[in-house]
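Colleague: Protein chains in written order, with UniProt numbering: chain A, 1 to 442; chain B, 1 to 372.
Note that the Cβ used here is the ideal one computed from N, Cα and C, for glycine as well.
One structure follows; several queries about it will come next.
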Amino acid sequence: MDNGHGYEEFELLEDGSLGECSTQVANATFLTISKLICLVVAFKFIKHIPISTTVRVYVHVFASTFTVMWFSRNHLQSAIIYNMFSLISLALAIKQFSGYIILAGNISLLIALQNFCRHYRSEDYFLSIRGILMIHIMRLTTVAFNLEKANSNKFRFVQFSSYVEYIYFPPFIIFGPYLSFEQFFKMRDKKWTGSENELGFIIQSLLAIFNAITLAIISSCHFEFFEPSSQFMEDALTAMSFRFSHYFVCLSTQAFVLMLGSDVVVANPLNIEFSRSTLQTVSEWNKPFHTFLHENIFKRRLFNSTACNVFFTFAVSSLLHGLDFQMTITLLALGFIAYSETVFRKRLSARYSMCVAAKACPVRSNSLSCKHRHSNKTGRALIINLFFLMLSMYHLVFTGMTFTDDYSAIGYPFDHAWKIWGSHYYSSFMISFLFLALSKII
Amino acid sequence: MLKSTQVILIFILLISIVESLSWLALGLAANRFDRDKPGTSCKSLKGLTRRQMRFCKKNIDLMESVRSGSLAAHAECQFQFHKRRWNCTLIDPVTHEVIPDVFLYENTRESAFVHAISSAAVAYKVTRDCARGISERCGCDYSKNDHSGKSQFQYQGCSDNVKFGIGVSKEFVDSAQRRVLMMKDDNGTSLLGPSQLSADGMHMINLHNNQAGRQVLEKSLRRECKCHGMSGSCEMRTCWDSLPNFRHIGMAIKDKFDGAAEVKVVKEDGIEKPRIVMKNSQFKRHTNADLVYMTPSPDFCESDPLRGILGTKGRQCTLAPNAIDDCSLLCCGRGYEKKVQIVEEKCNCKFIYCCEVRCEPCQKRIEKYLCL
């Protein structure tokens, strides 16, 4: 006797876990964003209130310190560490030390803190404040270079208070974004433009926040929506999860920037997902970060050689994460992939006179087409650009799939990336070597 | 007078024992739960004890989850035992009531499994449905999420659904275990001492197995987190609790069934509550997470309608050696017969333009082995 109806009923009970993860993540994300939005709204009003400079400085310093304490696990520890970086850097900057020395000092301090945490088996604590310290170091370095440029012996309190206000700006403490000195004071000094304009900015901000939370939910709970049918799909979902987490941070900070009245662009996810080339992916990944590296590191041309300056820029970008081998090797991989692709496409563009370079052809004002014979609209150029578009998508999977969730809170092991890349037979590297070889042949 | 009292007490004892799993028939009830009329909806249910009826009226919004829990328990039990001699024949398909199997209430190993899987299923379904927001009272206590000193990270989100589900299961399922009223004679000595001890022991065993089932659920809860932060940092983590498929719960309880411990209930002087101890003191002591039983199981070979045992006659078996449903094992050595069935099927179907599908008739030979 076989009770068949038991099995039929059992099929109905095989429901998925839809909503189990999404509701919890939505709750958590909204709670965190709400706290930051309160900070944004508070400081949007504070900047319009006519209070004295001294009071403003103290408000910024204390609010920033409490923000760091509020969001981190070890409250007092984080506040001390955060302010220690500030005090040392400002002291060195006032004594006319070079911006490079201050940057090197901060990075050394960061690495020392990392080793300290590693010694006491608190790598997760270091990772929980690393992002905060990264942006902090970037701002301190910007102030140092500005002070270096000032060359003024008459150091007045008004100038100092501007620097302190720039360094200690609570809405941007946790997730950023990094703003340059000019961008920050343009935002701060912007006047109230009327309710209609402000309403427009608020609507844009709310839309960005909605998109951010949606992406955070997909990033955490993609297993509720997609079922990977192969190892490649699983790797692609892991990479997507990492990218969407990044977009969540970028879109949230984009919302904060919009609310505060700035037009700085943090990141456009569509430009990264459907990127023309890996070079564009790298620069679009985090525009403020790219701005910092480009203006403060690359354009200052510490070395005579362009290659040395490129390498130095990547080194600074890597060391701002501390001694993170996974991040270092990923950034180097991205640099190598972008470089080889740029060289190959430049050669291809010149050889066949097609508009297929890594950067889009500049459109001249007096004509609708570029200098190349085959413009963007030609079928042949379109097919080649489409191929490189899909290749960029694959490079996103290749470089992102190593950021799995199992080690993201405590740091990745040394050979983690190599193992995962090995399962794809180092294909992005093979393609890059092939491009370099082909650029020599044609 | 004394004999009459004894007879009445024995009768009450039997009634309370039989009722302990009657609520499992809840899943087959066709009527819906009307939240506006809890009294009427609850009264139409079969197999509920008085305390369960009271629970039903107070928690009408959770009864749909309890019903699906009983369905899951029954289905999972049938799956786990469908190749064994006892194939989890619990509910009469005609009357839709729990078969009054006397053996199931003798604290056998099988009854331990049924108790554990049923309490786990109710807890599981309540937890799952809470995640979908079926009730406002589900275990989201937001004040616990802020600045909890114990948590490594300030994770947000509802993490108490499992505790809520376990609490509901404990209240509802354990309500089926009623204690017999103790009656004392004029001298103050309790009558039916051995019977009373036996009844208390059976209830203790059942409550223990209920708790063991819920514990399997609690331990299978997984907390997963995702890091968010600047450039791969981890300033913020979004965490969620996820339960595995109920099949995993069933497998875990089945493993406990295979390793169940035979125990007895002893009452020591001076201590009011009896204690569960191993029957054979040489074996390692059982833990709170183990399933326990007091009575060895029958072999389930021959039909015994009085005890609710259907036997293995007519059961389908297989010729695969070393299988749990091998004919020599399942049929208890009585032998088996082979039935060959010729089934007509369609094959070599082709599409004829336009517009017809033509197939050739084929015959397929199906062999079945049935126990004698």
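1) For a contact meaning CB atoms closer than 7 Å, what does Met230/B contact in chain A?
2) Going by the DSSP bridge assignment, what does Tyr240/B pair with across the sheet?
3) Based on Cα-Cα distance, which residue from Leu179/A, Phe160/A, Lys44/A, Ile135/A lies nearest to Glu198/A?
4) Looking only at C-alpha atoms, which of Glu227/A, Ile218/A, Cys250/A sits nearest to Gly232/B?
5) Spatial neighbours of Ser70/B within its chain, please: C-beta separation below 8 Å, excluding the five flanking residues on both sides.
6) From this set, Ile276/B, Gln282/B, Lys267/B, Met230/B, which residue's C-alpha is nearest Ser128/A's C-alpha?
7) Name the two residues that bound the continuous beta strand (DSSP E) containing Pro361/B.
8) As an exercise, report each continuous beta strand (DSSP E) stretch of at least 3 residues that is fully enclosed by the stretch 334-422 of chain A, in chain order.
9) Whose C-beta lies closer than 8 Å to the C-beta of Leu372/B among residues of the same chain, with five residues either side of it excluded?
10) If the cut is a Cβ gap below 7 Å, which residues of chain A does residue 373/B touch?
11) Helix, strand or coil for Ile309/B, going by three-state DSSP, please let me know.
12) At 8 Å on the CB atoms, spell out the chain A contacts of Cys227/B, in chain order.
13) By alpha-carbon positions, which one of Thr278/A, Gln231/A, Leu389/A ends up nearest to Ala338/A?
14) The beta strand (DSSP E) that contains Arg275/B, what's its start and end?
15) So with CB distances below 9 Å, who are the chain B contacts of Asn286/A?
16) Give a yes or no on whether the C-beta atoms belonging to Thr253/A and Gly131/A are separated by under 8 Å.
17) Show which residues of chain B have a CB atom less than 9 Å away from the CB atom of His321/A.
18) Would the C-beta of Leu396/A count as close to the ligand ZN, meaning under 7 Å from any of its heavy atoms?
19) Let me check understanding here. Comparing Cα to Cα, which of Tyr120/A, His75/A, Val57/A, Met187/A lies closest to Gln159/A?
20) Taking C-alpha atoms, which residue in Gln282/B, Ile276/B, Cys56/B, Leu62/B lies nearest to Gly39/B?
21) Using the DSSP secondary-structure output, state which residues sit across from Tyr178/A in a beta bridge.
22) At a CB-CB cut-off below 8 Å, which residues of chain A make contact with Ala320/B?
23) Should Arg315/B be labelled buried (16 or more other beta-carbon atoms within 10 Å of its own) or exposed?
24) Does the Cβ-Cβ distance between Ser229/A and Cys21/A come in under 8 Å?
25) Where Lys226/B and Asn385/A are concerned, what is the direct C-alpha to C-alpha distance, given to the nearest angstrom?
26) For my contact list, Glu218/B and Val162/B are in at a C-beta cut-off of 8 Å; report their separation, rounded to the angstrom.
27) Short of 8 Å Cβ to Cβ, which residues in the stretch 111-136 of chain B face chain A?
28) Beta-carbon within less than 7 Å of Asn296/A's beta-carbon, same chain only, minus the 5 sequence neighbours each way: which residues are those?
29) To the nearest angstrom, how far is the alpha carbon of Ile107/A from that of Arg139/A?
30) Is Thr281/A close to chain B? Criterion is C-beta to C-beta, closer than 8 Å.
31) Measure the C-alpha to C-alpha separation of Ser283/A and Val357/B and round it to an integer number of angstroms.
32) Does Trp86/B pass the burial test, meaning 16 or more other C-beta atoms within 10 Å, or should it be called exposed?
33) Once DSSP output is grouped into helix, strand and coil, what is the label at Cys347/B?
34) Can you tell me the Cα-Cα spacing of Cys327/B and Leu207/B, whole angstroms?
35) Does the beta carbon of Met401/A come closer than 8 Å to any beta carbon on chain B?
36) Contact criterion: CB-CB distance below 8 Å. Does residue 464/A meet it with respect to chain B?
Modeller: So, from the listed chains and residues:
1) Gly131, Met134, Ile135, Phe175, Gly176, Val249
2) For the sequence presented, residue 240/B should be read as Trp rather than Tyr. Note: Trp240/B sits in a beta bridge opposite Glu224/B.
3) Lys44/A
4) Cys250/A
5) Trp23, Leu24, Ala25, Leu26, Gly27, Ser118, Ala121, Val122
6) Met230/B
7) 356-371
8) none
9) Lys313, Cys331, Arg334, Gly335, Tyr336, Glu337
10) Look at the range of chain B in this structure, 1 to 372, and you will see that residue 373/B is not part of it.
11) strand
12) Leu127, Ser245, Asp405, Ser408, Ala409
13) Thr278/A
14) 275-278
15) Met230, Ser231
16) no
17) Ser231, Gly232, Ser233
18) What this structure holds is no ligand at all, so the ligand ZN is not there to describe.
19) Val57/A
20) Cys56/B
21) Answer is none; Tyr178/A lacks a bridge partner.
22) What Ala320/B touches in chain A: nothing, since even the nearest Cβ is about 17 Å away.
23) buried
24) no
25) 35 Å
26) 6 Å
27) Arg128, Ala131, Arg132, Gly133
28) Thr141, Thr142, Phe145
29) 13 Å
30) no
31) 59 Å
32) buried
33) strand
34) 36 Å
35) no
36) As shown, chain A starts at 1 and ends at 442. That puts residue 464/A outside it, with no answer to give.
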